[in-house]
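Chains as they are written, first to last, in the numbering used here: chain Z, 1 to 232; chain L, 233 to 496.
We put the CB at the ideal spot given by N, CA and C, even for glycine.
Step one of this worksheet: look at the structure below.
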């Protein structure tokens with residue numbers, strides 16, 4: 001009961017790992033897949049150094065169990081660049097001296113990527129500060145990091161990613177003809193057996209895959225492709 | 233730290249999850265895990281088994297039916313911040329959710345999880361109380377609807393028993409409703425020290441103040457009157473349940489209030 005096979009794609013590559021249920025996604029990435037770019041700091045969701053992208057959404061990989069990542073598309077700092085080239089955000093971090101010890105940097109870069117993607121206009125410095133507020137850096141004093149992200153927001157990378165759109169498209173609006181508490185007659189008396197909601201699963205996967213498709217496009221290069229198809 | 237050993241079940245339906253909860257008394261429900269996993273990593277929580285309901289996609293839905301806004305228990309805080317139906321009919325929830333943690337937390341944390349966790353600093357319970365919402369609790373013996381005000385019974389203590397799952401939240405909509413929100417936290421995204429939610433419905437001749445925060449816990453005060461802002465503070469003082477600085481927090485919530493409209 002305690003070991004589970006988990007299949008996911010990591011940086012576009014399908015992988016299957018067998019993990020105990022207590023293992024965090026961060027530990028699987030680091031110790032099973034040897035993707036040690038993702039750092040583990042506080043292990044309670046405070047420091048942000050373990051931030052990765054799961055199904056197009058920023059995620060603390062220390063607060064997600066590996067077993068919960070079944071079928072997920074995971075992107076880590078290693079997937080942001082190809083070969084030895086730096087991604088535009090990484091390059092701006094280098095130019096601006098936005099890292100010292102480097103421990104927080106992968107989480108910062110991943111967070112910045114999601115922050116900058118899919119926006120119609122570049123964020124203000126205030127918005128960048130807010131966007132990075134969940135990532136703690138003990139070296140730089142944040143100034144150079146904000147400068148680097150601000151500079152990166154001027155790159156073409158911002159629009160093509162279309163990730164905030166993918167977030168929007170994952171909203172699921174209920175259909176009142178579907179069974180649910182609203183389809184019960186009148187007020188629901190306590191303890192009345194309710195069978196309406198059962199056995200309905202598997203909705204919404206399509207929109208997630210949409211987000212994955214766009215993520216794949218985005219990591220293929222900084223080519224502007226406009227907002228992705230089927231966003232609304 | 234790492235969490236203690238536990239068994240993991242991925243539920244494919246609400247029924248399946250309820251079966252596990254019935255079989256194993258030490259089992260707990262996990263969805264986004266943004267409250268439970270930190271507690272497990274700190275070993276403050278040691279469930280013997282986790283039932284993952286995160287794949288029950290039908291509980292991610294949001295919509296208006298018969299004058300009520302229904303939110304599935306798996307609706308994330310990020311969805312609350314941006315879903316068109318919520319921005320239109322319950323902007324209070326969008327405002328409150330934007331104060332929960334940081335983006336990465338909001339993407340996975342769910343409203344059902346926040347309610348079931350019962351953190352005294354949780355914004356959403358206070359909002360649900362003020363809005364007159366109710367919580368649907370499903371167990372193998374059926375489904376019951378509990379008013380949000382009665383749902384919280386103390387810090388980390390709720391009306392849900394261990395074999396029940398928060399499946400839906402229902403928020404009755406009203407014309408001419410005014411809502412306000414204010415919280416004090418050391419930094420944006422931190423747990424609120426104190427916070428207040430105000431909701432007034434002049435047509436129904438009522439207004440409600442709900443307080444939350446790690447310093448004051450949850451408290452919900454129902455006030456009569458026509459819900460005019462000026463009367464609220466007097467009424468709150470007269471209730472004798474709020475004093476000193478907390479009154480100023482309520483005042484700030486009232487001052488920042490915004491009208492919300494509902495036309496079906």
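Residue range 281 to 284 is occupied by the beta strand (DSSP E) that includes residue 282 (chain L). Each residue's CA atom was taken as its position, placing residue 311 (chain L) and residue 5 (chain Z) some 30 Å apart.
Within chain Z, not a single residue places a beta-carbon under 9 Å from that of residue 352 (chain L); the smallest gap is close to 18 Å. In this structure, residue 135 (chain Z) sits near residue 48 (chain Z), with a CB-CB distance shorter than 8 Å. Under DSSP, the beta-bridge partners assigned to residue 297 (chain L) are L:300.
Of all residues in the segment 393 to 413 of chain L, only 399, 400 and 402 place a beta-carbon less than 7 Å from a beta-carbon of chain Z.
In the structure shown, residue 233 (chain L) falls within a coil segment according to DSSP collapsed to helix, strand and coil. As the crow flies, the alpha-carbon of residue 315 (chain L) is around 34 Å from that of residue 254 (chain L). In the DSSP annotation of this structure, the continuous segment of the alpha helix (DSSP H) that includes residue 150 (chain Z) starts and ends at 143 to 152. At a beta-carbon threshold of 9 Å, the residues of chain Z lying near residue 294 (chain L) are 171, 172, 173 and 174, ordered along the chain. Per DSSP, reduced to three states, the secondary structure at residue 415 (chain L) is strand. Of the candidates Z:40, Z:22 and Z:70, the residue whose Cα lies closest to the Cα of residue 10 (chain Z) is Z:70.
The Cβ atoms of residue 465 (chain L) and residue 403 (chain L) do not sit closer than 8 Å to each other. One thing to note: residue 485 (chain L) has its Cβ no nearer than 8 Å to the Cβ of residue 423 (chain L). With respect to residue 89 (chain Z), residue 75 (chain Z) sits apart: the two C-beta atoms are not nearer than 8 Å. Taking residue 408 (chain L) as the centre and dropping the five residues before and after it, the same chain places the C-beta of 433, 434, 435, 491 and 493 closer than 8 Å to its C-beta, in chain order. Of all C-beta pairs linking the segment 291 to 304 of chain L to the segment 382 to 393 of chain L, fewer than three are shorter than 8 Å, placing the two stretches out of contact.
Listed along chain L, no residue sits closer than 7 Å to residue 11 (chain Z) by beta-carbon distance, the nearest being about 18 Å off. Of the other Cβ atoms in all chains shown, 16 or more fall within 10 Å of the Cβ of residue 235 (chain L); this residue is therefore buried.
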